[in-house]
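K.L.:
Let me begin by handing over the structure; questions about it come next.
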Amino acid sequence: MPHSNHSGTSFFLTGLPGLEHVRVWISIPLCAMYVASLAGNSLILWVVRSEPSLHQPMYYFLSMLAVTDLGLSASTLPSMLPIYMLGAREVAVDVCLAQLFFIHTFSIMESSVLLTMAFDRFVAISNPLRYGTILTSSRIAGLGLAIVVRSVGLHVPAPVMLKKLPYCGKRLLSHSYCLHPDVMKLACADTRVNSAYGLFVVLSTLGLDSVLIVLSYVLILQTVLSIASKAERLKALNTCVSHICSVLLFYTPMIGLSMIHRFGKRASPCIRVLLSYLHFLTPPVLNPVVYTIKTKQIRWRMARVFWSNGSVVRDTQGH
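Per this note's numbering, the sequence shown starts with residue 1053, numbered consecutively.
This is the structure in C-alpha coordinates:
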(Lines of atoms letter the chains of each structure in order from A and count residues from 1; the text may use other names and numbers.)
(Lines give C-alpha, C1' and ligand atoms only; values in the text may rest on other atoms or scores of the structure.)
Protein backbone atom coordinates (compact mmCIF):
# COMPACT_ATOMS: atom_id res chain seq x y z
CA MET A 1 0.00 0.00 0.00
CA PRO A 2 1.54 3.34 -0.95
CA HIS A 3 2.26 5.75 1.85
CA SER A 4 0.89 9.25 1.64
CA ASN A 5 1.83 12.12 3.87
CA HIS A 6 -1.07 13.79 5.57
CA SER A 7 -0.28 17.36 4.45
CA GLY A 8 -3.43 18.85 2.98
CA THR A 9 -5.56 15.88 4.06
CA SER A 10 -8.15 15.28 6.74
CA PHE A 11 -9.24 12.78 9.34
CA PHE A 12 -12.80 11.59 9.83
CA LEU A 13 -14.40 11.44 13.26
CA THR A 14 -16.99 8.97 14.52
CA GLY A 15 -20.18 9.52 16.51
CA LEU A 16 -22.05 6.84 18.42
CA PRO A 17 -21.86 3.72 16.19
CA GLY A 18 -25.27 2.54 15.02
CA LEU A 19 -27.07 5.71 16.13
CA GLU A 20 -26.28 7.94 13.18
CA HIS A 21 -29.99 8.20 12.31
CA VAL A 22 -30.76 9.93 15.60
CA ARG A 23 -27.67 12.15 15.72
CA VAL A 24 -29.76 15.35 15.83
CA TRP A 25 -31.61 14.11 18.92
CA ILE A 26 -28.31 13.19 20.57
CA SER A 27 -27.10 16.75 19.99
CA ILE A 28 -29.78 18.08 22.35
CA PRO A 29 -28.42 16.51 25.58
CA LEU A 30 -24.87 17.25 24.40
CA CYS A 31 -25.72 20.94 23.97
CA ALA A 32 -27.36 20.90 27.40
CA MET A 33 -24.20 19.42 28.92
CA TYR A 34 -21.98 22.08 27.37
CA VAL A 35 -24.29 24.88 28.50
CA ALA A 36 -24.42 23.38 32.01
CA SER A 37 -20.62 23.10 32.11
CA LEU A 38 -20.16 26.71 30.98
CA ALA A 39 -22.79 28.07 33.37
CA GLY A 40 -21.79 25.96 36.39
CA ASN A 41 -18.05 26.52 36.22
CA SER A 42 -18.41 30.22 35.37
CA LEU A 43 -20.73 30.64 38.35
CA ILE A 44 -18.23 28.89 40.63
CA LEU A 45 -15.48 31.27 39.46
CA TRP A 46 -17.70 34.31 39.95
CA VAL A 47 -18.81 33.23 43.41
CA VAL A 48 -15.26 32.58 44.62
CA ARG A 49 -14.04 35.88 43.18
CA SER A 50 -16.87 38.00 44.57
CA GLU A 51 -17.19 36.48 48.06
CA PRO A 52 -14.31 37.54 50.39
CA SER A 53 -15.04 34.68 52.80
CA LEU A 54 -14.13 32.24 50.01
CA HIS A 55 -10.66 33.67 49.47
CA GLN A 56 -9.07 30.59 51.00
CA PRO A 57 -6.78 27.86 49.60
CA MET A 58 -9.59 25.29 49.20
CA TYR A 59 -11.63 27.64 47.02
CA TYR A 60 -8.61 28.81 45.02
CA PHE A 61 -8.00 25.18 44.09
CA LEU A 62 -11.71 24.83 43.28
CA SER A 63 -11.34 27.81 40.92
CA MET A 64 -8.41 26.04 39.23
CA LEU A 65 -10.62 22.98 38.78
CA ALA A 66 -13.38 25.13 37.26
CA VAL A 67 -10.95 26.74 34.79
CA THR A 68 -9.62 23.32 33.81
CA ASP A 69 -13.15 21.98 33.31
CA LEU A 70 -13.99 24.94 31.08
CA GLY A 71 -10.88 24.25 29.04
CA LEU A 72 -11.72 20.56 28.72
CA SER A 73 -15.26 21.36 27.55
CA ALA A 74 -13.96 23.93 25.06
CA SER A 75 -11.49 21.36 23.68
CA THR A 76 -14.12 18.72 22.81
CA LEU A 77 -16.90 21.10 21.73
CA PRO A 78 -15.56 22.13 18.27
CA SER A 79 -15.72 18.59 16.86
CA MET A 80 -18.58 16.98 18.81
CA LEU A 81 -21.42 19.37 18.09
CA PRO A 82 -20.77 19.57 14.30
CA ILE A 83 -20.89 15.76 14.15
CA TYR A 84 -24.30 15.49 15.80
CA MET A 85 -25.89 18.74 14.65
CA LEU A 86 -24.61 18.92 11.07
CA GLY A 87 -23.23 15.46 10.34
CA ALA A 88 -19.82 17.07 9.67
CA ARG A 89 -17.24 14.40 10.45
CA GLU A 90 -14.24 15.69 8.54
CA VAL A 91 -11.53 17.53 10.44
CA ALA A 92 -8.33 19.03 9.04
CA VAL A 93 -5.14 17.38 10.24
CA ASP A 94 -3.70 20.51 11.84
CA VAL A 95 -6.98 21.19 13.63
CA CYS A 96 -7.05 17.58 14.81
CA LEU A 97 -3.51 17.77 16.17
CA ALA A 98 -4.30 21.05 17.95
CA GLN A 99 -7.41 19.51 19.48
CA LEU A 100 -5.63 16.44 20.82
CA PHE A 101 -2.98 18.71 22.35
CA PHE A 102 -5.58 20.73 24.25
CA ILE A 103 -7.68 17.72 25.26
CA HIS A 104 -4.72 15.84 26.73
CA THR A 105 -3.23 18.99 28.27
CA PHE A 106 -6.43 19.93 30.10
CA SER A 107 -6.97 16.31 31.11
CA ILE A 108 -3.55 16.23 32.78
CA MET A 109 -4.27 19.64 34.33
CA GLU A 110 -7.44 18.24 35.86
CA SER A 111 -5.54 15.28 37.30
CA SER A 112 -2.89 17.64 38.69
CA VAL A 113 -5.47 19.94 40.27
CA LEU A 114 -7.20 16.96 41.89
CA LEU A 115 -3.84 15.95 43.35
CA THR A 116 -3.22 19.43 44.78
CA MET A 117 -6.74 19.40 46.24
CA ALA A 118 -5.92 16.10 47.97
CA PHE A 119 -2.80 17.74 49.41
CA ASP A 120 -4.95 20.69 50.50
CA ARG A 121 -7.34 18.38 52.38
CA PHE A 122 -4.40 16.59 54.04
CA VAL A 123 -2.90 19.87 55.27
CA ALA A 124 -6.29 21.16 56.45
CA ILE A 125 -6.96 18.02 58.50
CA SER A 126 -3.48 17.22 59.79
CA ASN A 127 -2.31 20.82 60.46
CA PRO A 128 -5.44 22.97 60.81
CA LEU A 129 -3.69 25.67 62.87
CA ARG A 130 -0.94 26.10 60.25
CA TYR A 131 -3.22 25.69 57.22
CA GLY A 132 -3.05 29.33 56.18
CA THR A 133 0.70 29.62 56.72
CA ILE A 134 1.52 26.46 54.76
CA LEU A 135 -0.75 27.16 51.78
CA THR A 136 -0.01 30.85 51.25
CA SER A 137 -1.18 32.73 48.15
CA SER A 138 2.32 32.66 46.66
CA ARG A 139 2.61 28.90 47.11
CA ILE A 140 -0.83 28.35 45.58
CA ALA A 141 0.18 30.51 42.61
CA GLY A 142 3.40 28.50 42.33
CA LEU A 143 1.46 25.24 42.32
CA GLY A 144 -0.85 26.59 39.63
CA LEU A 145 2.11 27.63 37.47
CA ALA A 146 3.77 24.23 37.97
CA ILE A 147 0.56 22.49 36.88
CA VAL A 148 0.41 24.54 33.66
CA VAL A 149 4.11 24.09 32.84
CA ARG A 150 3.96 20.35 33.53
CA SER A 151 0.83 19.76 31.45
CA VAL A 152 1.81 21.92 28.49
CA GLY A 153 5.47 20.88 28.47
CA LEU A 154 4.73 17.17 28.42
CA HIS A 155 2.27 17.44 25.52
CA VAL A 156 4.03 19.86 23.17
CA PRO A 157 6.07 17.00 21.57
CA ALA A 158 2.97 14.85 20.86
CA PRO A 159 1.47 16.81 17.93
CA VAL A 160 4.96 17.58 16.60
CA MET A 161 5.82 13.87 16.47
CA LEU A 162 2.44 12.97 14.94
CA LYS A 163 2.83 15.69 12.32
CA LYS A 164 5.93 13.96 10.94
CA LEU A 165 4.19 10.60 10.42
CA PRO A 166 2.73 9.52 7.05
CA TYR A 167 -0.94 8.45 7.04
CA CYS A 168 -2.85 6.31 4.60
CA GLY A 169 -6.13 4.45 4.28
CA LYS A 170 -9.50 5.86 5.29
CA ARG A 171 -8.12 7.96 8.15
CA LEU A 172 -11.18 7.08 10.22
CA LEU A 173 -10.86 7.83 13.93
CA SER A 174 -12.89 5.89 16.50
CA HIS A 175 -14.00 8.87 18.62
CA SER A 176 -15.81 12.17 18.20
CA TYR A 177 -12.61 14.09 18.91
CA CYS A 178 -8.92 13.60 18.24
CA LEU A 179 -6.91 11.61 20.77
CA HIS A 180 -3.22 10.73 20.62
CA PRO A 181 -3.54 6.90 20.55
CA ASP A 182 -6.38 7.10 18.03
CA VAL A 183 -4.45 9.25 15.56
CA MET A 184 -1.24 7.26 16.07
CA LYS A 185 -2.96 4.01 14.99
CA LEU A 186 -3.64 5.49 11.53
CA ALA A 187 0.03 6.05 10.74
CA CYS A 188 1.67 4.01 8.00
CA ALA A 189 5.02 3.96 9.77
CA ASP A 190 6.75 2.67 12.86
CA THR A 191 5.11 4.35 15.86
CA ARG A 192 7.04 2.66 18.68
CA VAL A 193 8.68 5.94 19.71
CA ASN A 194 5.30 7.69 19.76
CA SER A 195 3.77 4.83 21.72
CA ALA A 196 6.60 4.79 24.26
CA TYR A 197 6.36 8.54 24.70
CA GLY A 198 2.59 8.36 25.18
CA LEU A 199 3.00 5.62 27.80
CA PHE A 200 5.66 7.67 29.61
CA VAL A 201 3.35 10.70 29.75
CA VAL A 202 0.41 8.66 31.06
CA LEU A 203 2.44 6.90 33.74
CA SER A 204 4.23 10.06 34.88
CA THR A 205 1.02 12.07 35.12
CA LEU A 206 -2.27 10.21 35.48
CA GLY A 207 -0.59 7.12 36.93
CA LEU A 208 1.59 9.02 39.41
CA ASP A 209 -1.20 11.44 40.36
CA SER A 210 -3.66 8.66 41.13
CA VAL A 211 -1.13 6.87 43.35
CA LEU A 212 -0.34 10.09 45.24
CA ILE A 213 -4.05 10.85 45.69
CA VAL A 214 -4.59 7.41 47.22
CA LEU A 215 -1.53 7.92 49.43
CA SER A 216 -2.91 11.29 50.56
CA TYR A 217 -6.15 9.68 51.65
CA VAL A 218 -4.31 6.94 53.50
CA LEU A 219 -2.55 9.67 55.49
CA ILE A 220 -5.83 11.55 55.94
CA LEU A 221 -7.52 8.42 57.31
CA GLN A 222 -4.64 7.86 59.72
CA THR A 223 -5.01 11.42 60.98
CA VAL A 224 -8.80 11.20 61.24
CA LEU A 225 -8.69 7.92 63.16
CA SER A 226 -6.38 9.53 65.71
CA ILE A 227 -9.06 12.11 66.57
CA ALA A 228 -10.82 11.14 69.79
CA SER A 229 -14.23 12.69 69.11
CA LYS A 230 -16.50 10.81 66.69
CA ALA A 231 -18.24 14.06 65.73
CA GLU A 232 -14.90 15.67 64.86
CA ARG A 233 -13.89 12.63 62.81
CA LEU A 234 -17.11 12.82 60.78
CA LYS A 235 -16.71 16.57 60.33
CA ALA A 236 -13.17 16.12 59.02
CA LEU A 237 -14.18 13.36 56.60
CA ASN A 238 -17.16 15.41 55.42
CA THR A 239 -14.81 18.09 54.09
CA CYS A 240 -13.32 15.47 51.74
CA VAL A 241 -16.57 14.17 50.21
CA SER A 242 -16.72 16.69 47.35
CA HIS A 243 -13.12 16.00 46.36
CA ILE A 244 -13.60 12.23 46.50
CA CYS A 245 -16.64 12.55 44.20
CA SER A 246 -14.61 14.62 41.72
CA VAL A 247 -11.77 12.07 41.77
CA LEU A 248 -14.23 9.22 41.10
CA LEU A 249 -15.93 11.18 38.29
CA PHE A 250 -12.58 11.70 36.59
CA TYR A 251 -10.76 8.41 37.12
CA THR A 252 -13.51 5.77 37.05
CA PRO A 253 -14.48 6.13 33.34
CA MET A 254 -10.80 6.40 32.42
CA ILE A 255 -9.95 3.16 34.21
CA GLY A 256 -12.96 1.42 32.64
CA LEU A 257 -11.95 2.63 29.19
CA SER A 258 -8.38 1.47 29.73
CA MET A 259 -9.56 -1.99 30.85
CA ILE A 260 -11.80 -2.36 27.80
CA HIS A 261 -9.01 -1.33 25.41
CA ARG A 262 -6.69 -3.95 26.89
CA PHE A 263 -8.97 -6.83 27.86
CA GLY A 264 -12.32 -6.22 26.19
CA LYS A 265 -11.44 -6.56 22.53
CA ARG A 266 -14.95 -7.82 21.77
CA ALA A 267 -16.66 -4.98 23.61
CA SER A 268 -19.10 -2.91 21.60
CA PRO A 269 -17.55 0.21 20.01
CA CYS A 270 -20.54 2.09 21.38
CA ILE A 271 -19.49 1.20 24.95
CA ARG A 272 -16.01 2.57 24.32
CA VAL A 273 -17.37 5.81 22.93
CA LEU A 274 -19.80 6.21 25.84
CA LEU A 275 -17.04 5.66 28.42
CA SER A 276 -14.93 8.22 26.59
CA TYR A 277 -17.82 10.70 26.77
CA LEU A 278 -18.21 10.00 30.50
CA HIS A 279 -14.51 10.67 31.04
CA PHE A 280 -14.34 13.96 29.14
CA LEU A 281 -17.88 15.37 29.42
CA THR A 282 -19.30 14.51 32.84
CA PRO A 283 -16.64 15.98 35.21
CA PRO A 284 -17.05 19.54 33.82
CA VAL A 285 -20.83 19.23 34.24
CA LEU A 286 -21.02 17.52 37.64
CA ASN A 287 -18.07 19.04 39.53
CA PRO A 288 -19.86 22.39 40.05
CA VAL A 289 -23.00 20.52 41.14
CA VAL A 290 -21.08 18.41 43.67
CA TYR A 291 -19.30 21.38 45.21
CA THR A 292 -22.46 23.48 45.29
CA ILE A 293 -24.40 20.75 47.09
CA LYS A 294 -21.65 20.04 49.63
CA THR A 295 -20.37 23.58 50.33
CA LYS A 296 -22.77 25.78 52.26
CA GLN A 297 -20.78 28.99 51.61
CA ILE A 298 -21.18 28.53 47.86
CA ARG A 299 -24.87 27.62 48.25
CA TRP A 300 -25.45 30.70 50.37
CA ARG A 301 -23.74 33.00 47.88
CA MET A 302 -25.65 31.50 44.95
CA ALA A 303 -28.90 31.90 46.85
CA ARG A 304 -28.12 35.61 47.21
CA VAL A 305 -27.65 35.79 43.43
CA PHE A 306 -31.01 34.20 42.65
CA TRP A 307 -32.84 36.13 45.36
CA SER A 308 -31.60 39.53 44.23
CA ASN A 309 -34.42 41.41 45.94
CA GLY A 310 -32.16 41.87 48.97
CA SER A 311 -33.68 39.23 51.21
CA VAL A 312 -31.19 37.29 53.29
CA VAL A 313 -31.22 33.56 52.64
CA ARG A 314 -29.78 31.43 55.40
CA ASP A 315 -28.76 27.86 54.86
CA THR A 316 -29.38 25.81 58.00
CA GLN A 317 -27.75 22.68 56.63
CA GLY A 318 -24.20 21.81 57.58
CA HIS A 319 -21.22 21.79 55.26
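Just so you know, even glycine gets a beta-carbon here, dropped at the ideal spot from N, CA and C.
The model shown is predicted, which means the values in this text are computed figures rather than measured ones.
Can you list, in chain order, the residues of its chain with a C-beta nearer than 7 angstroms to that of Thr1334? Leave out the 5 residues immediately preceding and following it.
P.N.:
Correct list, in chain order: Leu1301.
K.L.:
Using 8 angstroms as the threshold, is the region 1139–1150 in touch with the region 1080–1095, meaning 3 or more CB pairs across them?
P.N.:
Too few Cβ pairs lie closer than 8 angstroms, so no.
K.L.:
Could you check where the alpha helix (DSSP H) with Glu1142 kicks off and where it finishes?
P.N.:
Run containing Glu1142: none in the alpha helix (DSSP H); it sits in the beta strand (DSSP E), 1142–1144.
K.L.:
Going by Cα to Cα distance, which pick from Ile1155, Asp1121, Met1110 is closest to Ser1131?
P.N.:
Among Ile1155, Asp1121, Met1110, the Cα nearest to that of Ser1131 is on Ile1155.
K.L.:
Quickly, what does DSSP pair Pro1340 with across the bridge? List them, please.
P.N.:
In DSSP, Pro1340 forms no bridge with anything.
K.L.:
Enumerate in chain order the residues of its own chain whose CB-to-CB distance from Val1253 is below 6 angstroms, with the five nearest sequence positions on each side excluded.
P.N.:
Excluding residues within five positions, the ones whose Cβ falls inside 6 angstroms are Leu1206.
K.L.:
Just to confirm the assignment, what range does the alpha helix (DSSP H) spanning Ser1226 have?
P.N.:
Where Ser1226 is concerned, there is no enclosing alpha helix (DSSP H), given that its DSSP letter is neither H nor E.
K.L.:
If we call anything under 8 angstroms between Cβ atoms a contact, is Ile1272 one with Ile1177?
P.N.:
Cβ atoms of Ile1272 and Ile1177: closer than 8 angstroms.
K.L.:
Suppose the cutoff is 6 angstroms on Cβ atoms and the five residues either side in sequence are ignored; what does the same chain contact list for Phe1332 look like?
P.N.:
Contacts found: Thr1128.
K.L.:
With Val1100 and Leu1114 assumed to form a contact (beta carbons below 8 angstroms), what rounded beta-carbon distance in angstroms separates them?
P.N.:
Their Cβ separation, rounded to whole angstroms, is 7 angstroms, which keeps Val1100 and Leu1114 in contact under 8 angstroms.
K.L.:
According to DSSP, is Ala1198 helix, strand or coil?
P.N.:
Ala1198: helix per DSSP, three-state reduction.
K.L.:
Please go through the region 1120–1168 and give each complete beta strand (DSSP E) segment of 3 or more residues, from N-terminal end onward.
P.N.:
Listed in chain order, the complete beta strand (DSSP E) runs (minimum 3 residues) inside the region 1120–1168 are 1142–1144.
K.L.:
Taking just the CA atoms, how far does Met1236 sit from Cys1045?
P.N.:
Residue 1045 is absent from the structure shown; the chain starts at 1053 and stops at 1371.
K.L.:
Spatial neighbours of Val1293 within its chain, please: C-beta separation below 6 angstroms, excluding the five flanking residues on both sides.
P.N.:
For Val1293, where only same-chain residues beyond five positions count, the Cβ hits under 6 angstroms are Lys1346.
K.L.:
Taking 8 angstroms as the limit between beta carbons, can you name the residues of its chain near Val1341, skipping five residues before and five after?
P.N.:
Same-chain partners within the cutoff: Gly1092.
K.L.:
What do you reckon, are the CB atoms on Pro1305 and Leu1338 nearer than 8 angstroms?
P.N.:
No, the Cβ-Cβ distance between Pro1305 and Leu1338 is not below 8 angstroms.
K.L.:
If you follow the alpha helix (DSSP H) that Ser1079 is part of, which residue opens it and which one closes it?
P.N.:
Where Ser1079 is concerned, the enclosing alpha helix (DSSP H) stretches over 1075–1102.
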